[in-house]
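Residue numbering for the sequence shown follows my numbering, starting at 182 and increasing by one per position.
No residue lacks a Cβ here, since even glycine has one placed at the ideal position from N, Cα and C.
Data block below; observations after.
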Amino acid sequence: EAQLDRFMFSIDVRYPALDEELRIVQATTSGLDAPVDRVLTPEQLLTFRRLVLSVPVADHVARYAVRLVQASRPVSETATGFVKSYVSWGAGPRASQFLIIGGKARALMDGRYAVSTDDIRALARPVLRHRIIPNFHAEAERITSDDVVGHLLEQVTP
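Put into structure tokens, the structure is as follows:
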């Protein structure tokens, strides 16, 4: 779990369709080197990183992100009965940081200059799913970490 926490997102990628997988196999087993085009220079990448970090976040948005993360912890005062019953381990402070940083990038990509609670909600699953560890009761009832995140989004209001 500690190693997974280092990843910002856990993105659910489905298996490719037959034709897609065939193209993947053909492209990666031919022995030919595919040309790689540079998209950004290192300097541009650092400029974008600084730009993302400079996006402002209102206190109520940051507070919402932190409340959402804290509610995932079964030992938290704000944890619901559902979380206390089905979660072995909740998300740590890195999750709050990644919700905010991801929100900043999402806002910029959407042409906005500030993070909204909608950004936090949109990023909750990819940021939290690998940080919330369901317990054996949850596994027995087929409750996943995505189910827990859905519960948190219903219960923790912006």
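Check                                                                             : Outcome
Extent of the continuous alpha helix (DSSP H) run through Val268                  : Val268 -> not in any alpha helix (DSSP H); beta strand (DSSP E) instead, spanning 268-270.
Cβ-Cβ separation, Ala295 to Pro237 (assumed contact under 8 Å), whole Å           : 5 Å
DSSP-derived helix/strand/coil call for Ile205                                    : helix
Contact between the region 322-333 and the region 252-268 (3+ Cβ pairs under 8 Å) : yes
Cβ-based burial, Ile281 [other Cβ within 10 Å; buried from 16]                    : buried
C-alpha distance - Leu232 paired with Ser191, whole-angstrom precision            : 24 Å
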